[in-house]
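Since the structure comes first, as structure tokens, the remarks are kept for the end.
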Amino acid sequence: MASIDYEPKLLAVLSISFFLSCIFVSSTGLVAALDDSALLASEGKALLESGWWSDYSNLTSHRCKWTGIVCDRAGSITEISPPPEFLKVGNKFGKMNFSCFSNLVRLHLANHELSGSIPHQISILPQLRYLNLSSNYLAGELPSSLGNLSRLVELDFSSNNFINSIPPELGNLKSLVTLSLSYNSFSGPIHSALCHLDNLTHLFMDHNRLEGALPREIGNMRNLEILDVSYNTLNGPIPRTLGRLAKLRSLIFHVNKINGSIPFEIRNLTNLEYLDLSSNILGGSIPSTLGLLSNLNFVDLLGNQINGPIPLKIGNLTNLQYLHLGGNKITGFIPFSLGNLKSLTMLDLSHNQINGSIPLEIQNLTNLKELYLSSNSISGSIPSTLGLLSNLISLDLSDNQITGLIPFLLGNLTSLIILDLSHNQINGSTPLETQNLTNLKELYLSSNSISGSIPSTLGLLSNLTFLDLSNNQITGLIPFLLDNLTSLIILDLSHNQINGSIPLKIQNLTNLEELYLSSNSTSGSIPSTLSLLSNLILLDLSYNQITGLIPFLLGNLTNLTTLYLSHNQINGSIPSSLKYCNNLAYLDLSFNNLSEEIPSELYDLDSLQYVNFSYNNLSGSVSLPLPPPFNFHFTCDFVHGQINNDSATLKATAFEGNKDLHPDFSRCPSIYPPPSKTYLLPSKDSRIIHSIKIFLPITTISLCLLCLGCYLSRCKATEPETTSSKNGDLFSIWNYDGRIAYEDIIAATENFDLRYCIGTGGYGSVYRAQLPSGKLVALKKLHRREAEEPAFDKSFKNEVELLTQIRHRSIVKLYGFCLHQRCMFLVYEYMEKGSLFCALRNDVGAVELKWMKRAHIIEDIAHALSYLHHECNPPIVHRDISSSNVLLNSESKSFVADFGVARLLDPDSSNHTVLAGTYGYIAPELAYTMVVTEKCDVYSFGVVALETLMGRHPGDILSSSAQAITLKEVLDPRLPPPTNEIVIQNICTIASLIFSCLHSNPKNRPSMKFVSQEFLSPKRLLGGLEISLLELRNLDMHTNVGEITVPR
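Numbering (UniProt numbering), first residue to last: 1 to 1048.
Laid out in structure tokens, this is it:
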């Protein structure tokens, strides 16, 4: 009975329990449904408030169908990745409330023009696995809270503007497989905490400002397949622990400051396919264990300090396609084992110290497309078996010691585009088989001993754009078939023995920009058909036997910047049509038989920077004053206080040597007689002209007074000569105000009081003096070391007389000198802004010197030195080019100062000299040769030019240890990096010239004339500001010319 009573009770309890559980489940489901509904609502609200899709739809209920939105089955958003071509998020990035998307797995906003910083809500998205914000304008620091995204698999912040250090908290992202932080401005060292990312396979940190050594813990990243830290400033050695990364396929350290040697442990990287250690400071030899990495297809060790021979075992790398070993200090022979690399398509061994001959086994490299062996000490002849490399498109053997003939089998290289055999000792004639190279675009055979005539078959190379046969022993005529080279841009046949006339059909070379025919025996007249070459920029026909007239039609060459016709037998008049050459900057018509007057229209050509009409038969008058560049030879100041005869006035000017040409002073200000207290050195060709206007009534009393005045004046005029004779003082002012006297100088400086001193140097102190006329001058008071030597006065005077003949618009004018028992000083034009050195070291002054202004400063220095080296007779070597000796006027135009002062103070010095110059600017060869040539100035110019771009002295950049740095990194950080393409190309061209000037071998430096002319040539495309200093060093931008030495 009891059991019967128990069953209904149990049943009731179970029923109640079941009912209560149903109620609980229902309420729980209701709560979950309410939570999901709230989540979806908050997501929709966040999307609506962001305004990202404002042009698309406002119906958030349809959000899962919006472009770039992916939802899960419940309708919750899991992916936001709108295509940038569909909509640009831009400045709306910060309006999105990311905290509402708790189920978001992927956020992809690359190329959306995002700006500002990363919103902190992104760091709390618990499901996020893929985060890509690359290629935007995001800035600031990376938030350390990103380390909370524990499920993150892929993180890409590349190509933004993030700064400061990479947060070590990123080391907490244990699931991370790909990390890309490249193309930002991250700085500081790579934290060892990042090396705990055990699952990481791809690590990109290139193009930043990371520094310090690579952490040893990098060897813990055992799954790493790609490691790219290129374009940073990392230093220290390569960690040996790198050998643990057995899965590594790509290792890229390009452009850093990594030193030490390549570790032997690299042999453990057996899966390595791509190895780039270029542009660092690596030394030691190439480890032979590199030959064990059989999967390698790319090896680049370019631009280091690697020495020793190329290991034979490198021939085991049978999968290798690219081998770059250029720009090192590799010695020894080219190993014959390279012939085993049959997959090789590019071999670069240039700019090393390799000797011996080219091995015959190189014929086995049948897939080779590019072969660069330039700038070594390779000898012997060119192996004819090179003609078997039928895939070759570029062959560069220049700057070696190769002898013998050009093999006719090279004519088999029908794919060849570039052939450079210049600067060797090749002889014989150009083989006729070159006619087969129909794809050839560039042919350089200059600076050899090639003889014979130019084969007419070269005219069959219709794709040729650059042809350089200069500096050889070529004879005969210019073949008429060259007129078929309608793609030709530069034709250089200069410095040969070519005769005959210039072909009339040269008019067919319609793309020609530069034509060099100088220093030959070319005769006949200048063909008027040259005027049809509308793209011509440079025409050099100097040093020939050309006769006849200058064609009037040359005025049609409106793009012409340089016209050199000097040292010929040209007659007739200078055509006035040259006024239409609006871009003409360099005009040299000297040493001809030109007659009649100089067309006045030429004086109005604003583009002219250099002119030379000297030694012709020109006649008529030259009206003073003249506009630049004519006035750098003389101005009205030249005749203030004295009027010389025509030949003396025009001496050392653009008009010298024209006996029937005379100056016209009618437009000059009034010329006053020198005051009696001034002693002026008489020239043997000069005469003093006194122009006195008398307005007194002609009466007896006036005549008496006049006679009395003349008598007193004559007595007074003898006083300085007596003083000069008594004291041995010399005082003279050229091209300025003859009324200046020694007493004026002493009064203006209060006897050289320190208050007036504006600078000091190795040769003396510089003072600012305001003369009674109000004019400012600079006085360089020289140290009187030789005061006790009577012969010094005469030597000093003769040297100064030579220097006063120097007249160039970018050289500080020397007005005169004083040689006195108490002191000696030089009187210079005053420069308001002081030295370039001071301007660059003053932040305010440096910011005023914008990039193009700096480019013009460098250009003006180049033109000035070119004038001193190549236009002065005898040539003048400055000896002390530095930023302290470059002065700036009120318009920030540059002027070279103190030219020749070293020689003035040591007049007996010649080639051999004590070490002269400023520390940090002296050419390296002076330390051991003590021989001064113009190439010493070229080196110093390179230092000053680089200092101008950097805003500071280049220091270590001058050594090869800094060659891994990019050009952009060394530019003055006080100015924003240039963005204008023209400015960038100007800077790149200047930089390339700078590093050719800084070549350690003076013979490989260009002449200043070449540098000067390069500023007038079209700017070459050099790859932009990301080009490395090493690549700039390796650019072949110049042609060597002979040296000059300082004359005795």
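Yeah, the Cβ is synthetic: ideal placement off N, Cα and C, and Gly gets one too. Note that the coordinates shown come from a computational prediction; the quantities given were computed from them, not determined experimentally.
Option nearest residue i by Cα separation, candidates the options
{"i": "Glu370", "options": "Asn355, Gly332 and Ile418", "result": "Ile418"}
{"i": "His423", "options": "Leu443, Thr438 and Asn448", "result": "Asn448"}
{"i": "Phe101", "options": "Ser384, Ile80 and Ser350", "result": "Ile80"}
{"i": "Leu395", "options": "Leu421, Phe408, Ile406 and Ile378", "result": "Leu421"}
{"i": "Leu469", "options": "Leu460, Gly452 and Asp606", "result": "Gly452"}
{"i": "Cys936", "options": "Thr918, Leu949, Glu947 and His953", "result": "Thr918"}
{"i": "Gly260", "options": "Ser187, Ile454, Ile502 and Ser285", "result": "Ser285"}
{"i": "Ser882", "options": "His953, Tyr183 and Leu538", "result": "His953"}
{"i": "Gln353", "options": "Gly140, Ser337 and Pro309", "result": "Pro309"}
{"i": "Thr289", "options": "Gly51, Gly303 and Gly315", "result": "Gly315"}
{"i": "Asn295", "options": "Ile306, Asn280, Leu275 and Asn304", "result": "Leu275"}
{"i": "Phe162", "options": "Arg151, His207 and Ile122", "result": "His207"}
Reduced DSSP secondary structure (H/G/I, E/B, other) of residue i
{"i": "Lys257", "result": "strand"}
{"i": "His495", "result": "coil"}
{"i": "Cys100", "result": "helix"}
{"i": "Asp483", "result": "helix"}
{"i": "Lys780", "result": "strand"}
{"i": "Met824", "result": "strand"}
{"i": "Gln770", "result": "strand"}
{"i": "Ile502", "result": "coil"}
{"i": "Ala213", "result": "strand"}
{"i": "residue 1055", "result": "Since the displayed the chain opens at 1 and closes at 1048, residue 1055 lies outside it and no answer follows."}
{"i": "Glu370", "result": "strand"}
{"i": "Thr547", "result": "strand"}
{"i": "Thr465", "result": "coil"}
{"i": "Phe408", "result": "helix"}
{"i": "Leu432", "result": "helix"}
Residue i, buried or exposed, once every other Cβ within 10 Å from all chains shown has been counted against 16
{"i": "Asn136", "result": "buried"}
{"i": "Ala74", "result": "exposed"}
{"i": "Phe86", "result": "exposed"}
{"i": "His62", "result": "exposed"}
{"i": "Leu464", "result": "buried"}
{"i": "Pro772", "result": "exposed"}
{"i": "His108", "result": "buried"}
{"i": "Asp606", "result": "exposed"}
{"i": "Val766", "result": "buried"}
{"i": "Asp604", "result": "exposed"}
{"i": "Ser702", "result": "Note that Ser702 scores a pLDDT of 48, beneath 50, so its modelled location is shaky and nothing firm can be said."}
{"i": "Lys781", "result": "buried"}
Extent of the continuous alpha helix (DSSP H) to which residue i belongs
{"i": "Cys936", "result": "Glu934 to Met950"}
{"i": "His808", "result": "Neither: His808 is in no alpha helix (DSSP H) and is coded neither H nor E."}
{"i": "residue 1049", "result": "The structure shown does not extend to residue 1049, since the chain spans only 1 to 1048, so no value can be given for it."}
{"i": "Cys64", "result": "Neither: Cys64 is in no alpha helix (DSSP H) and is coded neither H nor E."}
{"i": "Asn136", "result": "Neither: Asn136 is in no alpha helix (DSSP H) and is coded neither H nor E."}
{"i": "Ile861", "result": "Trp851 to His870"}
{"i": "Arg1033", "result": "Leu1029 to Asn1034"}
{"i": "Val983", "result": "Glu981 to Cys997"}
Whole-Å CB distance - residue i paired with residue j, under 8 Å assumed
{"i": "Ile330", "j": "Pro359", "result": "Going by Cβ atoms, the distance from Ile330 to Pro359 rounds to 15 Å, so no, they are not a contact pair."}
{"i": "residue 1054", "j": "Ala846", "result": "In the structure as shown, the chain begins at 1 and stops at 1048. Residue 1054 is therefore absent and cannot be evaluated."}
{"i": "Ile506", "j": "Leu481", "result": "Rounded, the Cβ-Cβ distance is 12 Å, inconsistent with contact."}
{"i": "Leu197", "j": "Ile166", "result": "That belief does not hold up - the Cβ atoms of Leu197 and Ile166 are roughly 12 Å apart, past 8 Å."}
{"i": "Ser525", "j": "Gly548", "result": "3 Å"}
Endpoints, the beta strand (DSSP E) within which residue i is located
{"i": "Val611", "result": "Tyr610 to Asn612"}
{"i": "Gln473", "result": "Gln473 to Gly476"}
{"i": "Asn235", "result": "Thr233 to Pro237"}
{"i": "Leu967", "result": "Element bounds for Leu967: not the beta strand (DSSP E) but the alpha helix (DSSP H), Leu967 to Val970."}
{"i": "Met346", "result": "Met346 to Asp348"}
{"i": "Ser453", "result": "Ser449 to Ser453"}
{"i": "Ile354", "result": "Here Ile354 belongs to no beta strand (DSSP E), and DSSP marks it neither H nor E."}
{"i": "Asp396", "result": "Ser394 to Asp396"}
{"i": "Phe1010", "result": "It is not in any beta strand (DSSP E) - Phe1010 instead sits in the alpha helix (DSSP H) that spans Met1008 to Glu1014."}
{"i": "residue 1059", "result": "Nothing about residue 1059 can be reported from this structure: the residues present for the chain run from 1 to 1048 only."}
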